[in-house]
Structures are given as structure tokens and as C-alpha cells.
């Protein structure tokens with residue numbers, strides 16, 4: 006182990022100070038640091054090292070789309086993303102894709118902020134023709150002509166692809182966008198002579214809206230989103246693997262620790278790298294072998310005080326605080342009601358307050374008649390008994406907290422609740438209920454369950470509530486194969502296991518998957534359909550698939566289509 010004093014010096018002071026204190030042992034100190042972790046180099050460096058590029062699904066798709074568009078010479082491409090979503094890393098990877106291609110050349114502008122149009126044109130011309138054009142003192146028209154001749158010579162005569170990559174595109178002034186629009190007009194009958202790839206933050210969307218003539222020239226618009234929990238885990242393990250030569254990389258993070266990192270960073274790659282770096286340093290200082298949930302959470306609270314993570318101004322934190330407050334109020338009301346019933350019953354005013362919103366129209370009419378009609382003393386006791394009976398009939402049953410007590414015309418806010426069983430995790434249940442474990446579903450479930458402090462340490466028998474995620478409008482038609490249905494979430498999950506087993510028995514070589522589709526309409530209320538994973542864009546394909554399933558005696562189903570029914574999907578219907 007590293008001596009205690011040495012560890013503190015390495016963490017608390019810059020590296021140049023360490024070299025002054027230990028000039029002869031600096032190299033040995035760094036080697037010992039990596040030997041402790043069984044690594045060869047730093048796994049969570051904040052520099053965009055191409056060797057540490059994690060090929061998540063969305064980043065790979067983005068690169069493939071960009072490469073295809075640039076090779077086909079389609080013109081303008083835009084990649085949008087929040088700070089820390091990996092735009093600069095993608096930019097470097099794009100340059101690497103064309104590095105060995107002799108038919109293509111790439112030019113990069115890191116900071117596109119220019120004070121006037123002449124400097125912008127001069128920068129592009131110097132990248133194309135070299136710095137020698139400065140001596141000529143060209144004007145605006147002359148610079149455009151130089152760029153034009155270069156593009157025609159390279160693109161037409163030499164058949165080369167000229168690519169201009171611009172990072173931090175949100176800094177582009179309006180006159181730069183106008184110049185780029187004019188350069189995109191240089192083309193042949195088959196392709197554009199200049200290929201442009203702009204990587205920018207969300208502010209660039211407003212610039213595109215204000216310049217429709219520039220936005221119309223876009224061939225690809227790709228928006229980068231934060232990574233899911235699964236991609237976050239895989240990225241952390243990938244970077245550790247890249248830092249060592251061992252076949253099996255060391256497990257430096259526990260599963261709850263990975264979840265705490267994901268919750269704090271919300272899936273932004275830059276924040277993940279930064280938090281992992283601080284967590285590993287804290288692990289070494291505390292003489293631990295792995296980063297657990299407590300280390301990751303403490304590092305996140307110290308490092309993300311600006312609002313990213315679990316700060317008090319974070320929307321997710323506010324939602325959890327509201328849910329926790331409502332839970333405490335509900336517990337207090339239940340306790341007070343039980344206490345009142347035990348020691349003398351509920352006061353009449355409180356009982357009237359509780360039951361008034363749930364009374365039917367018939368009960369209200371009876372109360373009005375009693376107020377306008379004089380009641381004989383002998384009839385008071387009988388009517389009092391009838392009134393109590395009516396009040397009990399109007400009150401909802403409380404066996405199921407999330408029972409269907411809403412009218413059929415109201416979209417439910419909750420799908421239902423499930424009980425944690427042995428071997429189940431929250432992420433698995435979220436994937437089963439919603440068909441995906443995307444961050445928006447995880448945040449919604451955690452916000453609806455204020456009692457969950459650590460999502461990775463759920464007790465067997467604990468109840469988890471799943472909120473409905475209604476889609477406001479669905480324009481796309483579709484057909485689904487329903488293999489079963491249920492009226493409650495719990496019943497649907499039980500039927501799902503049986504149907505999955507039957508599919509495996511009938512198709513052992515390639516069993517089709519089954520998932521849950523929750524929907525609501527005025528005629529039937531909320532329903533849970535157990536469907537095949539894929540949906541069909543036409544009815545003929547759906548019917549052919551259904552006929553193939555009917556060859557198994559244990560399977561039966563029907564085709565679902567919701568056109569013209571006013572159906573609201575409570576979970577994502579298209580996957």
C-alpha cells in the first residue's frame with residue numbers, strides 16, 4: 006500500500022508540487038499507484054483519448070450516419086447534444102475514420118467564434134491552400150473565389166471528398182452561417198463539393214429555427230441523449246479494461262456504486278468520467294478495494310454542488326421531496342384515523358370531509374331532501390342508520406391502495422404496484438413493465454416511491470408503485486399480436502411468465518419475446534396486453550405472424566389495432 010502521507014500529498018496537491026517534494030520517487034509513486042489498481046494507465050482521464058471511446062449504441066449510430074452522409078457527399082450534417090454528451094469525442098472519432106482514406110481530407114475548426122466574415126473566410130482558405138495567401142491581402146470576394154477554385158479542383162478534377170468539421174457550433178455568428186450556406190451552393194449535378202459536420206449544444210437549435218434557409222440544407226440532424234444505466238455500467242468497465250492488459254479487468258465498482266454514479270451524473274459521459282476519477286481517489290484514501298454506494302454518493306454530493314446530481318435545485322430531488330412529504334402526510338392521516346376509531350370513533354365533521362368528495366349524486370339528493378323536509382323523531386334513528394350504511398357503500402374499498410377508484414373517463418396516473426421477489430431488481434422490473442430501462446422510466450419510478458433510499462437494496466416483499474407514462478399523441482398506425490390480457494398489473498406479470506414459458510416450449514431454437522403494453526380508452530378503461538416484442542406496420546404481416554403462432558396448440562392470440570378508438574398508450578408502444 007502507498008504510505009498514508011504520500012497518498013495525501015498525491016490527492017491534495019498538484020503533481021508538480023509532488024515532484025518538488027519527491028523528485029527522485031515521482032516515477033515510482035505513479036507506478037505504485039497503478040499497481041495498486043492493477044492498471045497500466047489512468048482509466049478516467051478527462052482528455053478525449055480515442056482509445057477510450059466507448060461505442061454505445063447511440064454514438065455508433067451517429068457515427069455511421071455521419072460517415073455515410075459524408076462519403077455520399079450530401080452536404081450539411083448537424084449533431085446536437087448537451088454539455089458532456091460526447092460531442093468532442095465523436096468529432097475525434099470522425100476524423101479517425103477518414104485518416105487513412107486517400108480520397109478524403111478533413112479540416113477541423115475547434116473554436117468557430119470570429120469577429121468578422123473576412124477572418125472566417127481567411128481561416129478556411131488557409132486550411133485549404135496554406136498560410137501563403139496572407140501576403141496577397143485578399144478581400145471578401147477574392148477569398149470566396151480561392152475557396153471555390155480549391156473545392157472544384159479537389160472535388161471534381163481529383164475526385165476527393167473535402168470535409169469541414171466544426172466543434173462548438175453554437176459559437177458560430179450569423180454571418181458564418183450565411184457563408185457556410187453559400188459554400189454549400191458549390192455542387193455538381195451529383196453531389197456537394199464541401200461536406201460540413203457541425204457539433205453544437207442545444208442553443209444551436211434556436212439558430213436553426215431562425216435561419217430556415219440554412220436548416221433546409223441539412224441532410225442529417227442527430228440529437229445525442231444521456232446514456233442509460235446499462236450503457237453507463239458498460240462504459241465504466243470498458244475504460245477499466247482499456248487501462249490494463251489483463252483478460253479480466255479488476256472490479257473496482259460495486260453494483261450499487263455504479264447505480265449511485267448513474268443517478269448523480271444522469272448518464273452524461275463527461276460527468277461519469279469526472280465522478281469515477283474522484284471516487285477511485287477516495288477509495289484509495291479510505292483504503293478500500295471497491296467503490297461502493299456510499300463512496301460514490303459522498304463524492305457526488307461534494308462534486309456536483311452546482312445542481313447536477315442530488316442538489317436541492319435538481320428537479321428530480323424536488324420531486325422526491327414532494328413525494329416524501331405526501332407519504333408522511335398519508336401515514337399521519339392513517340395513524341390519526343386508526344387512533345380515532347379505537348378511542349371513540351371518527352368525529353362527524355371529519356367523516357363528512359372525508360366522504361363528501363366520494364359521494365354519488367344519489368346521496369347528495371337524499372341530503373337535500375332531508376334538509377327541506379321535517380323528519381319525525383321516530384324516523385330519525387332509522388334514517389341515521391340508512392345514512393351510515395350509504396356512507397359506507399360510497400367509500401372505496403381500501404384492500405388495494407392503487408385500486409381503480411377513478412371514473413372511466415379519467416386517464417389513470419398509476420399502472421399499479423408489484424412486490425419484490427427473490428432475485429428481482431428494480432431495473433429488471435422497470436424493463437418488464439415499460440419495455441425499456443431508459444432513464445426517464447427509472448426517474449419516474451423512483452420519484453413515485455419516496456420510501457426507496459437505495460434502488461439496489463430492495464427488500465423481498467417490498468411494494469413498488471409504477472406510474473403511468475401516457476403518450477399525448479401517437480400519429481403512427483400499428484398492429485400488435487396479443488397473446489393474453491389482464492385488468493391489473495400484477496395479474497399481467499403473472500401471465501407474462503406463463504406465456505414466455507409456452508413460447509420457449511413451442512419455439513426452443515428461436516423463442517419470440519413477449520412484453521407488456523398498457524393502454525386506456527373510455528370503453529374499456531385501463532388494460533394490460535401481453536404482446537410480441539415487435540409491432541407490425543401492416544395488418545397482413547401481423548396476420549401471417551399470428552398464423553405461424555397458431556401452429557402451437559398452447560398458444561392463441563389476436564390482432565390489436567387502435568385506430569379511431571381514442572386510445573391512450575400508458576407505456577411506449579413502439580420498439
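In the numbering used here, the protein residues as written are 6 to 580. Built from N, CA and C at the ideal position, the CB exists for glycine as well. Here the structure is a predicted model, which is why all the values come from computation and not from measurement.
- Going by beta carbons, residue 210 and residue 81 fall outside the 9 Å limit.
- In the displayed model, residue 332 falls within a helix according to three-state DSSP.
- Scanning its chain for C-beta atoms nearer than 8 Å, with the 5 sequence neighbours on each side dropped, one finds around residue 544 the residues 484, 564 and 566, in chain order.
- Taking all protein chains shown into account, residue 456 has fewer than 16 neighbouring C-beta atoms within 10 Å of its C-beta and is therefore exposed.
- Residue 271 counts as buried, since no fewer than 16 other beta carbons sit within 10 angstroms of its beta carbon.
- Of the candidates 489, 504 and 295, 489 places its Cα closest to the Cα of residue 533.
- Here residue 225 carries a strand assignment [DSSP, helix/strand/coil].
- Under the 8 Å Cβ criterion, the stretch 184 to 198 does not count as touching the stretch 229 to 238, having fewer than three qualifying pairs.
- Per DSSP, reduced to three states, the secondary structure at residue 462 is coil, with no helix or strand assignment.
- Straight-line measurement puts the Cα of residue 577 at about 35 Å from the Cα of residue 256.
- Between the alpha carbons of residue 150 and residue 275 lies a distance of about 41 Å.
- Residue state for residue 111 is assigned as strand, using DSSP reduced to three classes.
- Close CB contacts of residue 243 within its chain, under the 6 Å cut and outside five residues either way in sequence, are with 59 (chain order).
- Scanning 524, 279 and 469 for the CA closest to the CA of residue 491 turns up 524.
- The beta carbon of residue 291 sits closer than 8 Å to the beta carbons of 300 from its chain, once the five residues preceding and following it are set aside; these are given in chain order.
- Residue 199 sits close to residue 167, with the two beta carbons spaced by under 9 Å.
- In the three-state reduction of the DSSP assignment, residue 416 falls in the coil class, being assigned neither a helical nor a strand state.
- Of all C-beta pairs linking the stretch 256 to 270 to the stretch 119 to 127, fewer than three are shorter than 8 Å, placing the two stretches out of contact.
- In this structure, DSSP gives residue 166 an extended state, which the three-state scheme calls strand.
- Minimum Cα-Cα distance from residue 131 among the listed residues 550, 102, 169 and 108 corresponds to 169.
- Following the DSSP letters along the chain, one finds residue 548 in no beta strand (DSSP E) but inside the alpha helix (DSSP H) bounded by residues 544 to 554.
- Annotated as proximal: residue 48 and residue 247, with beta-carbon spacing under 9 Å.
- In this model, residue 99 and residue 160 are separated by some 20 Å (Cα to Cα).
- A distance below 6 Å between beta-carbons, with the five flanking residues on each side excluded, links residue 113 to the following residues of its chain, in chain order: 170.
- In this structure, residue 87 sits away from residue 239, with a CB-CB distance that is not shorter than 9 Å.
- In the three-state DSSP reduction, residue 212 falls in the helix class (H, G or I).
- Less than 9 Å separates the beta-carbon of residue 486 from that of residue 547.
- Looking at the backbone, the Cα of residue 165 and that of residue 77 are separated by about 12 Å.
- Here residue 523 is bridged, per DSSP, to 533.
- Taking a C-beta distance under 9 Å as the contact criterion, residue 498 and residue 423 qualify as a contact pair.
- In the structure shown, the three-state DSSP call for residue 95 is helix.
- A check of alpha carbon separations from residue 435 across 459, 416, 472 and 458 identifies 472 as the nearest.
- In this structure, the beta-carbon distance from residue 469 to residue 454 falls below 9 Å.
- The DSSP-derived three-state label of residue 503 is helix.
- Between residue 258 and residue 277, the CB-CB gap reaches or exceeds 9 Å.
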